[in-house]
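What follows is a single structure, written as structure tokens, with notes after it.
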Amino acid sequence: FVIKSFSEVIRKYVDSPRGLNYFSRRISETEFSVYRNVYYHSHVHLDTSGPKKRFLQDIHNSSIPFMGWSSGQKEFMPLYIAFSMLMPSPPNEKLAYDRMVIIEEPEMGLHPAAIRSLLFAFLQMIDNGYKLIISTHSPVLIEFAWAINILKKVNAPIEALYDLLNVGPSNISNIEILELIENVCTNTLKYNTTSTYFFNNTDGLVKDISSLDAFSLDSDIAEWGGLTSFATKVSEIVAKHIPL
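Reminder that position 4 of the sequence shown reads as 4 in this note's numbering, one-by-one numbering, no gaps.
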């Protein structure tokens, strides 16, 4: 029901004047950071020339229809449209009752670089007053949650967040992203809370593992709900068999 309902919302949005307007406008620099890492050197547009509207991906003088895209690109498009609905331009169009956003496995089919670029979109949503609940199997997103909590605890300077996101005055000129990072550093790190929970399928319990302490005696915490258990095992086996 949820998938069907969401699909209908997306269809109506794309068919609406506002939706058509969105796909004809210039995307913001924050959106572009995400867009570039998911669609690479292609350009996605909504084709309205025929009897039915359809998404096309233009690359190397070819137009590839939606069903010919990679699975990650197809999975990402509804999420990308949802971002545009939640963060419209101008920002004051945001609906007052949209305060909690639930995103399920945004990393599906995406390269780690694309997953990292999603962080910009998440930070922008938080900066716009949204609270996020993200269901994930991605160590990248958990690593970010762990880093944010540590940086907040030690009252880290803005340069730490620049380094974490690989941006800064020296390698990026766009004022929009720099302002976003500054707002996140001065507001989000100071006033917002980032929590991590592990859903254990064995006993059906939900466990708070927010410390994400790799040295914890609790394996659920140390292995981040099992996300790092294989990497840890690989390291131990390799180390064991390397001749001294």
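Where a beta carbon is used, it is the ideal one built from N, C-alpha and C, also for glycine.
Boundaries (first-last residue) of the beta strand (DSSP E) holding residue i
| i | result |
| --- | --- |
| Val101 | Met100 to Glu104 |
| Phe55 | Arg54 to Ile59 |
| Ser135 | Lys131 to Ser135 |
| Ser63 | Ser62 to Pro65 |
| His241 | Here His241 belongs to no beta strand (DSSP E); instead the alpha helix (DSSP H) covers Ser229 to His241. |
| Leu46 | His43 to Asp47 |
Proximity to residue i [Cα-Cα], best of the options
| i | options | result |
| --- | --- | --- |
| Ile221 | Asn200, Glu236 and Asp163 | Asn200 |
| Ala214 | Glu159, Ile150, Tyr162 and Ala160 | Ile150 |
| Ser135 | Glu104, Ile115, Ser49 and Asp163 | Glu104 |
| Glu179 | Arg36, Asp127 and Asp163 | Asp127 |
| Leu253 | Ile64, Val34 and Glu8 | Past the boundaries of the shown model lies residue 253; the chain is included only from 1 to 244, so the question cannot be answered. |
| Asn192 | Leu217, Lys4, Phe6 and Lys153 | Lys153 |
| Val44 | Lys131, Phe55 and Pro51 | Phe55 |
| Tyr130 | Asn155, Pro157, Ala156 and Met100 | Met100 |
| Asn61 | Ser49, Pro243 and Ser42 | Ser42 |
Whether residue i touches residue j by CB criterion (9 Å)
| i | j | result |
| --- | --- | --- |
| Gly68 | Gly109 | no |
| Ala145 | Thr202 | no |
| Lys53 | Val14 | yes |
| Met77 | Met125 | no |
| Trp224 | Leu212 | yes |
| Ser117 | Val234 | no |
| Tyr40 | Ile59 | yes |
| Ile102 | Ile148 | no |
| Leu79 | Pro106 | yes |
| Ala114 | Val2 | no |
| Ser219 | Ser229 | yes |
Terminal residues of the alpha helix (DSSP H) in which residue i lies
| i | result |
| --- | --- |
| Tyr197 | Tyr197 -> not in any alpha helix (DSSP H); beta strand (DSSP E) instead, spanning Tyr197 to Phe199. |
| Val2 | Val2 to Asp15 |
| Asp220 | Ser219 to Ala222 |
| Asp208 | Unbroken run through Asp208 is the beta strand (DSSP E), Val206 to Asp208; no alpha helix (DSSP H). |
| Pro78 | Ser71 to Leu86 |
| Met108 | No alpha helix (DSSP H) holds Met108; DSSP gives it neither H nor E. |
| Leu151 | Pro139 to Lys153 |
8 Å contact criterion, which residue i and residue j should meet: CB distance rounded
| i | j | result |
| --- | --- | --- |
| Phe198 | Ile181 | Not a contact, Cβ separation roughly 29 Å. |
Examine the Cβ distances between the region 133-144 and the region 182-191 and report whether three or more of them are shorter than 8 Å. The region 133-144 is not in contact with the region 182-191.
For the region 80-87 and the region 115-126, state whether three or more C-beta atom pairs, one from each stretch, are separated by less than 8 Å. yes
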